[in-house]
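Contents: one structure, followed by commentary.
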Amino acid sequence: MGWLLLIIAGLSEVASVPLLRSSQGLKRLWPSIASIAVLALSFYCLSRSVMTIPVGTAYAVWTGIGSCGAIVLGAIVYGESVRPSKLICLALIITGMIGLRLTA
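Structure follows, in structure tokens:
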């Protein structure tokens with residue numbers, strides 16, 4: 009159950025990216041409220057996951073999901089560039105997360 013909560017936490021963090029962007033620096037009310045709510049869900053799920061997963065592992069995987077998801081979302085939705093070096097770095101992050109899962 010801890011790993012499922014951790015995945016939900018990471019995906020919630022990714023879901024907050026377009027909301028934060030559309031809030032225009034927390035100047036627009038509804039996107040700001042939505043982003044805060046989604047981030048609160050993310051923190052809640054993260055806090056529950058660390059009850060069964062070592063905190064260092066959980067935090068590293070959570071930030072890894074968020075980082076990879078934000079880069080993929082940026083490329084697909086916002087047309088941000090993805091160079092081969094960025095793809096290599098993403099692969100390293102994903103490999104690290106898999107390694108942490110296998111050794112947890």
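What the sequence shown shows, in my numbering, is residues 9 to 112, in sequence order. From the three backbone atoms N, C-alpha and C, an ideal C-beta is built for every residue, glycine too. All values derive from a computational prediction rather than experimental measurement.
State the Cα-Cα distance for the pair residue i and residue j, rounded to the nearest angstrom.
i, j, result
"P39", "Y86", "17 Å"
"G10", "S89", "34 Å"
"A78", "V58", "23 Å"
"C97", "T65", "19 Å"
"R36", "A23", "17 Å"
Which word fits residue i, buried or exposed, when buried means at least 16 other C-beta atoms lie within 10 angstroms of its C-beta?
i, result
"E21", "buried"
"A48", "exposed"
"A99", "exposed"
"G33", "exposed"
"I84", "exposed"
"I61", "buried"
"V46", "buried"
Comparing the C-beta of residue i with each C-beta of chain C, is any distance below 8 Å?
i, result
"S43", "Annotation note: the requested chain C is absent from the structure, which comprises a single protein chain."
Do you know whose CA, among the options, lies nearest residue i's CA?
i, options, result
"I44", "A112, I101, V25 and S55", "V25"
"L108", "L95, A68 and L19", "A68"
"L13", "T71, A83, S31 and C53", "C53"
"F51", "G74, R29, S31 and T111", "G74"
The alpha helix (DSSP H) that contains residue i, what's its start and end?
i, result
"M105", "P92 to T111"
"S57", "L37 to S57"
Beta-carbon within less than 7 Å of residue i's beta-carbon, same chain only, minus the 5 sequence neighbours each way: which residues are those?
i, result
"A42", "L27"
Could you name the residues of the same chain whose beta carbon sits closer than 8 Å to that of residue i, not counting the 5 residues immediately before and after it, in chain order?
i, result
"G104", "A68 and G72"
"I165", "What is shown of the chain runs 9 to 112, which leaves residue 165 out entirely."
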